[in-house]
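Asks: The sequence shown finishes on residue 584 if you use my numbering, and the numbering steps up by one all the way, no holes. Next up is a structure, given as structure tokens.
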Amino acid sequence: MPVRDADETSGAPSAAGHQAAAPEDGNTRHVPVMLRRCLDLLAPALAEPGAVVVDCTLGLGGHSEALLATFPAARLVALDRDKEALRLSGERLARHGDRATLVHAVYDELPEVLDRLGIPRVQGVLFDLGVSSMQLDEAGRGFAYAQDAPLDMRMDQTTGISAAEVLNTYAPGDLVRILRAYGEEKQARRIVSAVVDERAKEPFTTSARLVEVIRDALPQAAKRTGGNPAKRTFQALRIEVNGELSVLERAIPAAVASLAVGGRLAVLSYHSLEDRLVKQVLAAGAASTAPPGLPVVPERYQPRLKLLTRGAELPTEEEVAENRRAAPARLRGAQRIREEHQE
Ligand SMILES: C[S@@+](CC[C@H](N)C(=O)[O-])C[C@H]1O[C@@H](n2cnc3c(N)ncnc32)[C@H](O)[C@@H]1O
Numbered sequence: 242m243p244v245r246d247a248d249e250t251s252g253a254p255s256a257a258g259h260q261a262a263a264p265e266d267g268n269t270r271h272v273p274v275m276l277r278r279c280l281d282l283l284a285p286a287l288a289e290p291g292a293v294v295v296d297c298t299l300g301l302g303g304h305s306e307a308l309l310a311t312f313p314a315a316r317l318v319a320l321d322r323d324k325e326a327l328r329l330s331g332e333r334l335a336r337h338g339d340r341a342t343l344v345h346a347v348y349d350e351l352p353e354v355l356d357r358l359g360i361p362r363v364q365g366v367l368f369d370l371g372v373s374s375m376q377l378d379e380a381g382r383g384f385a386y387a388q389d390a391p392l393d394m395r396m397d398q399t400t401g402i403s404a405a406e407v408l409n410t411y412a413p414g415d416l417v418r419i420l421r422a423y424g425e426e427k428q429a430r431r432i433v434s435a436v437v438d439e440r441a442k443e444p445f446t447t448s449a450r451l452v453e454v455i456r457d458a459l460p461q462a463a464k465r466t467g468g469n470p471a472k473r474t475f476q477a478l479r480i481e482v483n484g485e486l487s488v489l490e491r492a493i494p495a496a497v498a499s500l501a502v503g504g505r506l507a508v509l510s511y512h513s514l515e516d517r518l519v520k521q522v523l524a525a526g527a528a529s530t531a532p533p534g535l536p537v538v539p540e541r542y543q544p545r546l547k548l549l550t551r552g553a554e555l556p557t558e559e560e561v562a563e564n565r566r567a568a569p570a571r572l573r574g575a576q577r578i579r580e581e582h583q584e
């Protein structure tokens, strides 16, 4: 199956194609989170022949594979910014032939990708945010604080700056801001002060040294709560390196805009910052924009979205027992119920 680059979605297979056989079977490395519920949320929109569903976070293709198998009349467009994920999933989904189009893209590029593919509107969009099991498990990617590895953390290793560069070059004030905003780290100042002292001696290159510096910097009381003390700093660096929140802030409205009336969106988030952002966009779409006091709300002020989930839905205890990576998941869904009003 050809993998396309975002800027050549209507062209020939790109050099990112996966001619080489993938030795790993994606199937054994990742259990798709809240799969049944995601499929149920999207199902009413995907039964008709010609329906298009976009998986904005292909990863190892678990959700995509299930979408193709469950909705035989639907076509899949799947994006990932990680070329290795596209290569592995390409192998996995090859049996579906041209029902699946895989594209190397950041998900806020969705409008351009659909444009190039000549798809004006879609019936379903799925986001399964965050990092994949493959990215976490492969020590060399530098996402995991439990393994010593180069501090990289780029989902797309062909572009951007690494976590080591962030740590070694950002001004202390910026590091404090990032740790607070993206890691919700209460001890940000202490950690950054230790990092700045250490990087003056020798730049950071690997995760183990950073973990050690964080451990040494924290007071005993802070080490007793909240799991591994490096967890929040690693989350913050990862979000910064990949620009995760700003990309998501553009991508969710773009996904809503790409939905045909009746089309459905499902979003799985893994931390409160992502979930808050998704919640805000969906709640705004589901609210009337009418000025208060109108006796009858004209069409142009009426909501574009209907929420399909009450608050965020959580995985069941059974699912978490089987797959601990599902534990922080929060699922929200919405349906497009109205066109944008044209003045
Ligand atoms: C949690 S995994 C998805 C797992 C997938 N649902 C499965 O069942 O195998 C998230 C994937 O989204 C990709 N990703 C994260 N942020 C992205 C972005 N802004 N644009 C495109 N892909 C992104 C990551 O590279 C990763 O492969």
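Every residue, glycine too, gets a C-beta built ideally from N, C-alpha and C.
Check for me: the beta strand (DSSP E) holding D246 runs from which residue to which?
Replies: Here residue 246 corresponds to residue number 5 of the sequence shown, with the count starting at 1. Counted as a single uninterrupted DSSP element, the beta strand (DSSP E) harbouring D246 occupies residues 244-246.
Asks: Which residues in the same chain as N564 place their Cβ atom closer than 6 Å to its Cβ, once the five residues preceding and following it in sequence are excluded?
Replies: The sequence position of residue 564 within the sequence shown is 323, counting from 1. Excluding positions up to five away in sequence, the list reads V272.
Asks: By DSSP, does L299 sit in helix, in strand, or in coil?
Replies: Within the sequence shown, numbered from 1, the residue matching residue 299 stands at position 58. L299 falls in the coil class under three-state DSSP.
Asks: Please indicate yes or no: does the CB of S513 lie closer than 7 Å to some heavy atom of ligand 1?
Replies: Stepping through the sequence shown from its first residue, residue 513 is reached at position 272. No, the beta carbon of S513 sits no closer than 7 Å to any heavy atom of ligand 1.
Asks: Go ahead and pull the three-state DSSP assignment for G424.
Replies: As a position in the sequence shown, residue 424 is number 183, starting the count at 1. G424 falls in the helix class under three-state DSSP.
Asks: What's the gap between the Cα of G503 and the Cα of L523?
Replies: To locate residue 503, count along the sequence shown from 1; it is residue 262. To locate residue 523, count along the sequence shown from 1; it is residue 282. Each residue's alpha carbon lies about 15 Å from the other.
Asks: If you count every other CB in all the chains shown that lies within 10 Å of the CB of P556, and 16 or more means buried, which is it?
Replies: Locating residue 556 in the sequence shown gives position 315, counting from the first residue. P556 is buried by the Cβ-count criterion.
Asks: When you measure from the CB of A326 to every non-hydrogen atom of ligand 1, does any distance come out below 7 Å?
Replies: The residue labelled residue 326 in the question sits at position 85 within the sequence shown. Because some heavy atom of ligand 1 lies under 7 Å away, the Cβ of A326 counts as near it: yes.
Asks: State the DSSP-derived secondary structure class of F384, mapped to helix, strand or coil.
Replies: Position 143 of the sequence shown, counted from the first residue, corresponds to residue 384. Of the three classes helix, strand and coil, the one that applies to F384 here is coil, per DSSP.
Asks: Can you list, in chain order, the residues of its chain with a C-beta nearer than 6 Å to that of G401? Leave out the 5 residues immediately preceding and following it.
Replies: By 1-based counting over the sequence shown, the position of residue 401 is 160. Closer than 6 Å at the Cβ level, and outside the excluded window around G401, lie R395.
Asks: Between which two residues does the alpha helix (DSSP H) containing S510 stretch?
Replies: The count along the sequence shown starts at 1 and reaches residue 510 at position 269. Looking at the DSSP string, S510 is not in any alpha helix (DSSP H); the run it does join, the beta strand (DSSP E), is 500-510.
Asks: CA-CA distance, E306 and R573?
Replies: Along the sequence shown, one-based indexing puts residue 306 at 65. Along the sequence shown, one-based indexing puts residue 573 at 332. Approximately 21 Å, taken between the alpha carbons.
Asks: Mark R551 as exposed unless 16 or more other C-beta atoms lie within 10 angstroms of its C-beta, in which case mark it buried.
Replies: Counted from its first residue, the sequence shown places residue 551 at position 310. Exposed.
Asks: Check whether the stretch 531-543 and the stretch 510-521 are in contact - that is, three or more C-beta pairs closer than 8 Å.
Replies: no
Asks: Is A335 helix, strand or coil when you go by DSSP?
Replies: Position 94 of the sequence shown, counted from the start, is the residue given in the question as residue 335. The answer is helix: DSSP assigns A335 an H, G or I state.
Asks: Quick check on the DSSP output: the beta strand (DSSP E) that includes Q398 runs from which residue to which?
Replies: Taking the first residue of the sequence shown as position 1, residue 398 is located at position 157. No beta strand (DSSP E) holds Q398; DSSP gives it neither H nor E.
Asks: Taking the continuous beta strand (DSSP E) assigned at G574, which residues delimit it?
Replies: Here residue 574 refers to the residue found at position 333 when the sequence shown is read from its first residue. From DSSP, the beta strand (DSSP E) with G574 extends over 571-577.
Asks: Output the boundary residues of the alpha helix (DSSP H) element that contains F475.
Replies: Walking along the sequence shown from the start, residue 475 turns up at place 234. Segment 472-482, the alpha helix (DSSP H) holding F475.
Asks: Under 7 Å Cβ to Cβ from S510, same chain only, skipping five residues before and after it: list those, please.
Replies: Locating residue 510 in the sequence shown gives position 269, counting from the first residue. Same-chain partners within the cutoff: L370, D516, V519, R571.
Asks: Suppose you measure from the CA of P413 to the CA of V433; what does that come to, to the nearest Å?
Replies: Here residue 413 refers to the residue found at position 172 of the sequence shown. Here residue 433 refers to the residue found at position 192 of the sequence shown. The C-alpha of V433 is placed about 6 Å away from the C-alpha of P413.
Asks: Among all the DSSP beta bridges, which residues are the ones paired with E289?
Replies: Here residue 289 corresponds to residue number 48 of the sequence shown, with the count starting at 1. When beta bridges are read from the DSSP output, E289 appears opposite no residue.
Asks: So L334 and C279 are supposed to be a Cβ contact under 8 Å. How far apart are they, rounded?
Replies: Locating residue 334 in the sequence shown gives position 93, counting from the first residue. Locating residue 279 in the sequence shown gives position 38, counting from the first residue. In fact, because the Cβ distance is near 17 Å, the residues do not count as touching under 8 Å.
Asks: Report all residues from its chain with a CB closer than 8 Å to the CB of S529; omit the five preceding and five following residues, and keep chain order.
Replies: Mapped onto the sequence shown, residue 529 falls at position 288. Result list for S529: V538, Y542, Q543, P544, in chain order.
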